[in-house]
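Read the structure below first, then the notes.
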Amino acid sequence: MGLFFTLIALVFFLGSSLGDLSVGFYSRTCPNAETIVASVVRDAVAAEQRMAAILLRLHFHDCFVQGCDGSILIDDPNAEKHAFGHQGVQGYAEIEKAKAQLEAICPGVVSCADIVAMAARDSVALSNGPVYQVPTGRRDGRLSNVSFADDMPDVSESVQQLKAKFLQKGLSAKDLVLLNAAHTIGTTACFFMTHRLYNFPNFGTDPTINTAFLPELKANCPQNGDVDVRLGMDHGSERTFDDMILRNIKNGFAVLESDSQLYTDPETKSVIDSYLGILNFLLGPSFAKDFADSMVKMGKIGVKTGPQGEIRRVCNAIN
Ligand code: HEM
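Residues -19 to -1, 1 to 300 in mature numbering (1 follows the signal peptide of the UniProt record, and there is no 0) are what the sequence shown spells out, letter by letter.
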């Protein structure tokens, strides 16, 4: 009997110290952690609507390099955040603000990586997207280097390359479609459109763009124009989380080249189509639920738990 209880205790100890992420990880150690992050995100989005998309994107860029460990947040001349693959990523001040409030009430408890994951979740909910629970317990990484982000997925890569990069992170073709559907909110700089509109191999212009859409895209991002001008990525619905992005991709109204690629491959095309059937609302899979599941999966990439990593005092510096 004694041995039995020792074994149970050991399993419990290993589970909590080395183990997986869990929903409500801070419920005893910092019960207000989730509320505080939610209120910082709510205020930030109220002040600047773009912030929801910015914080959602930040989580993706954090997870794809060294795992979801807050490595993108580090400030240093040679830090990861300066990588080309992280071009335009923002939201650092909002994460730091949440961290400062959390340190004031429960110092050394809540990781920056978890704040990023929670902020992404809250941003989705604030954009009318699915409300989902995010498992926490990530610890912060202690390494950040510009070269670590060399392999970020790029807008001009083929769907085969994108599938391979997601697979390397344990994400399927279905996850690739669902996670890219995060482009249902937010904007892109014209910087990312030049290749697609003016330098596309053989045609000059990406032939997947619907001819009814091309003049509008070119007018928004003229050749040799200001590359910092921004345009919504989900044509007609850039502020609301919905399945319009999938319809746009299907109809040649995708703004990003990498999104349009998703309808050129049989596997990813069938994932898109699976959410767009006429009776889908009754019989089909739920885009909102599956998106949330893929977000939770992405949030587990290469996480550090238990004795690994650290809980940073501030998010932009290693302790
Ligand atoms: C194949 C993978 C992906 C590529 C190539 C890609 C590329 C891009 C590009 C080029 C932009 C515009 C950036 C700017 O101009 O500031 C962007 C924005 C964005 N991305 Fe992605 N992305 C990918 C996957 C994801 C994933 C997995 C998520 C989240 C789950 C995501 C969320 C966002 C959001 C929300 C924005 C809007 C940011 C804003 O409005 O400032 N992306 N993405």
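For glycine and all other residues, C-beta sits at the position ideal for the given N, C-alpha and C.
For L2, three-class secondary structure by DSSP: Three-state DSSP puts L2 in coil, outside helix and strand.
Collapsed DSSP secondary structure at A60 in the structure displayed: coil
The ligand HEM heavy atom lying under 7 Å from the CB of V284: No, since every heavy atom of the ligand HEM falls outside the 7 Å radius drawn around the Cβ of V284.
Shell residues, 6 Å Cβ cut-off relative to heavy atoms of the ligand NAP: The model depicted lacks the ligand NAP and carries the ligand HEM instead.
K285, buried or exposed, once every other Cβ within 10 Å from all chains shown has been counted against 16: buried
Which of helix, strand or coil DSSP assigns to D254: helix
Status (buried if at least 16 other CB within 10 Å, exposed otherwise) for F262: Counting the other Cβ atoms within 10 Å of the Cβ of F262 gives fewer than 16, which makes it exposed.
For G51 and R293, believed in contact at Cβ under 8 Å, the rounded distance: 7 Å
A170 - containing beta strand (DSSP E), residue span: T168 to A170
Nearest to Y179 (by Cα), restricted to the options A193, L160 and C202: It is C202.
Beta-carbon proximity of N191 to F234, cut-off 8 Å: yes
Limits of the unbroken alpha helix (DSSP H) element including residue 304: Lying before the first or after the last residue shown, residue 304 is absent from the chain, which here runs from -19 to 300.
Where T117 falls: helix, strand or coil (DSSP): strand
Own chain, CB closer than 6 Å to A163, minus 5 neighbours either side, in chain order: L37
Buried/exposed call for K270, threshold 16 Cβ in 10 Å: Classification for K270: exposed.
Segments assigned beta strand (DSSP E), at least 3 residues, entirely inside the stretch 163 to 233: 168 to 170 and 211 to 213
Rounded distance between the beta-carbons of I253 and L243, thought under 8 Å: 6 Å
Whole-angstrom C-beta distance between S108 and I35, which should lie under 8 Å: Not really, about 12 Å apart at Cβ, beyond 8 Å.
Start and end residues, alpha helix (DSSP H) containing N126: No alpha helix (DSSP H) holds N126; DSSP gives it neither H nor E.
Three-pair Cβ contact test at 8 Å for the stretch 207 to 214 versus the stretch 141 to 152: no
contact_flag[the stretch 80 to 94, the stretch 128 to 135] where n(CB pairs < 8 Å) is 3 or more: Segments in contact, no.
Neighbourhood of A(-11) by C-beta, 8 Å cutoff - its chain only, sequence neighbours within 5 removed: Only weak support exists for where A(-11) lies, its pLDDT of 43 falling under 50; the coordinates are left without a value.
Buried versus exposed call for T169 [16 or more other C-beta atoms within 10 Å across all chains shown]: buried
Residue from V112, V236 and S125 with nearest C-alpha to S137: The shortest C-alpha to C-alpha distance from S137 to any of V112, V236 and S125 is the one to V236.
Residues that K285 bridges to, as DSSP identifies them: R120
Every unbroken alpha helix (DSSP H) inside the stretch 64 to 94 [4 residues or more]: 73 to 86
Residue burial classification, residue 361 (beta-carbon count within 10 angstroms, cutoff 16): Because the chain in this structure spans residues -19 to 300, residue 361 falls outside the shown range and cannot be described.
Stretch pair the stretch 11 to 20 + the stretch 96 to 107: three plus CB contacts closer than 8 Å: yes
Nearest neighbour of C49, chosen from A94, E61, T10 and Y7 [CA to CA]: A94
Whole-Å CB distance - D224 paired with F268, under 8 Å assumed: So it is a contact: roughly 5 Å between Cβ atoms.
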